[in-house]
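Data block below; observations after.
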Amino acid sequence: MSVVYRILIALVLLICAISAYSYGNSAGLFGFIILGFVFEGAFWLKLFGRKKSENKVH
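Following this note's numbering, the residues of the sequence shown are numbered contiguously, the last one being 653.
This is the structure:
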C-alpha cells in the first residue's frame, strides 16, 4: 500500500473520530462518543500498523 494512500485513510479516520466526538458531546448521545473511540482506535492502528514478521516458513 502506498504511503499517500495510508495517510489519506488515516486522515479520514481522524476526521470521522473528531466529528463523532463533537456530535456526541453537543447532542448528548453516548453512542457517538463510543463511535469516536472506535474511529480513533482505527486511526492509531492504521497510522502505526503492524510489523510484518520476517520468519515466515513456506
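Glycine included, C-beta positions come from ideal geometry on N, C-alpha and C.
DSSP, reduced to helix, strand and coil, places L640 within a helical segment of the structure shown. Distance between F638 and C611, taken at the CA atoms: about 9 Å. Annotated three-state conformation of S621 is helix, per DSSP.
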